[in-house]
Amino acid sequence: KQEVTQIPAALSVPEGENLVLNCSFTDSAIYNLQWFRQDPGKGLTSLLLIQSSQREQTSGRLNASLDKSSGRSTLYIAASQPGDSATYLCAAVYGGATNKLIFGTGTLLAVQP
Amino acid sequence: GAVVSQHPSWVICKSGTSVKIECRSLDFQATTMFWYRQFPKQSLMLMATSNEGSKATYEQGVEKDKFLINHASLTLSTLTVTSAHPEDSSFYICSATGQVNQPQHFGDGTRLSIL
Numbered sequence: 001k002q003e004v005t006q007i008p009a010a011l012s013v014p015e016g017e018n019l020v021l022n023c024s025f026t027d028s029a030i031y032n033l034q035w036f037r038q039d040p041g042k043g044l045t046s047l048l049l050i051q052s053s054q055r056e057q058t059s060g061r062l063n064a065s066l067d068k069s070s071g072r073s074t075l076y077i078a079a080s081q082p083g084d085s086a087t088y089l090c091a092a093v094y095g096g097a098t099n100k101l102i103f104g105t106g107t108l109l110a111v112q113p
Numbered sequence: 001g002a003v004v005s006q007h008p009s010w011v012i013c014k015s016g017t018s019v020k021i022e023c024r025s026l027d028f029q030a031t032t033m034f035w036y037r038q039f040p041k042q043s044l045m046l047m048a049t050s051n052e053g054s055k056a057t058y059e060q061g062v063e064k065d066k067f068l069i070n071h072a073s074l075t076l077s078t079l080t081v082t083s084a085h086p087e088d089s090s091f092y093i094c095s096a097t098g099q100v101n102q103p104q105h106f107g108d109g110t111r112l113s114i115l
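Chains as they are written, first to last, in our numbering: chain A, 1 to 113; chain B, 1 to 115.
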């Protein structure tokens with residue numbers, strides 16, 4: 001069964017800290033992996049997409065890595081800000097005609113000013 | 001680009017009512033649309049995948065007669081929750097993609113509350 005889990009479930013850090021969010025997936029035959037941000041009561045904002053052939057992607061203060069062999073991805077947030085407070089979801093994409101996303105359980109991040 | 005609009009954003013209705021939620025791709029042709037459900041403090045669960053002009057494919061455990069999905073055009077898919085009951089209250093999110101294995105673009109979600 002294809003499952004995606006995220007650790008920790010919740011995280012609170014003071015402003016300015018660097019932090020790492022973890023994502024693990026059981027089926028390593030992914031097509032790509034995406035990280036999303038979700039604000040309360042809102043839809044999803046795509047942050048980073050890593051193709052299966054890539055090892056990392058960067059966008060501003062965000063860096064996502066992918067290790068297919070170990071079934072893991074990490075999202076690194078540098079110099080965290082209160083505006084980064086949100087739920088972060090990773091999703092493993094399995095290819096073929098279905099283009100199916102399997103979402104992780106999410107990490108609720110609170111950055112304290 | 002790649003904007004997906006979902007309507008309504010919030011609906012409250014009485015038990016037994018049928019509710020229709022629309023998902024539109026505004027600036028691209030969506031060959032495939034997806035419908036997800038999210039319970040409070042939980043992740044998104046895929047309900048069904050719909051391809052334009054064909055019947056939706058439902059995930060295991062999702063009642064197709066309860067959640068009717070129509071994808072009649074390349075820019076519009078609808079989800080109708082038939083005879084809704086309080087246990088159907090949830091956050092429903094759609095996504096759309098123009099090509100196989102291309103990123104999905106998400107709507108802002110619809111919060112459904114059944115009294």
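We put the CB at the ideal spot given by N, CA and C, even for glycine.
Could you give the residue range of the beta strand (DSSP E) that holds B/N122? Since the first and last residues shown for chain B are 1 and 115, residue 122 of chain B lies out of range.
CB contact check: B/L46 to chain A, cutoff 8 Å: yes
Where does A/P113 fall in DSSP's three states? Note: A/P113 maps to coil in three-state DSSP.
Taking Cβ positions, are B/A56 and B/G98 nearer each other than 8 Å? no
List the DSSP bridge partners of B/I21. B/L79
Would you give the residue range spanned by the beta strand (DSSP E) that B/K66 belongs to? Unbroken run through B/K66: none, as it is neither H nor E.
Check whether the stretch 12-27 of chain A and the stretch 71-80 of chain A touch, using three or more Cβ-Cβ pairs below 8 Å as the test. yes
Would the stretch 79-97 of chain B and the stretch 22-39 of chain B be scored as touching if the rule is three or more Cβ pairs under 8 Å? yes
Skipping 5 residues on each side, what residues in its chain have a beta carbon closer than 8 Å to that of B/F67? W35, M47, A48, Y58, L79, T80, V81, T82
So what does DSSP say about B/E87, is it helix, strand or coil? helix
By the 10 Å Cβ neighbour count, where 16 or more other Cβ atoms means buried, how is B/R24 classified, buried or exposed? With 16 or more other Cβ atoms within 10 Å, it is buried.
For A/P14, does the three-state DSSP call read helix, strand or coil? strand
Pairwise C-alpha distance: B/K64 and A/D27: Those two C-alpha atoms are separated by around 27 Å.
Proximity winner among A/Y31, A/A64, A/F36, relative to A/L108 (alpha-carbon distances): A/F36
Contact set between B/P8 and chain A, taken where Cβ atoms lie within less than 9 Å: Within 9 Å Cβ-Cβ: nothing; B/P8 doesn't reach chain A, min ~13 Å.
Three-pair Cβ contact test at 8 Å for the stretch 70-79 of chain B versus the stretch 15-24 of chain B: yes
Let me see if you follow: with CB-CB separation under 8 Å, is B/I114 close to chain A or not? no
Could you give the first and the last residue of the continuous beta strand (DSSP E) run that contains A/A9? Unbroken run through A/A9: none, as it is neither H nor E.
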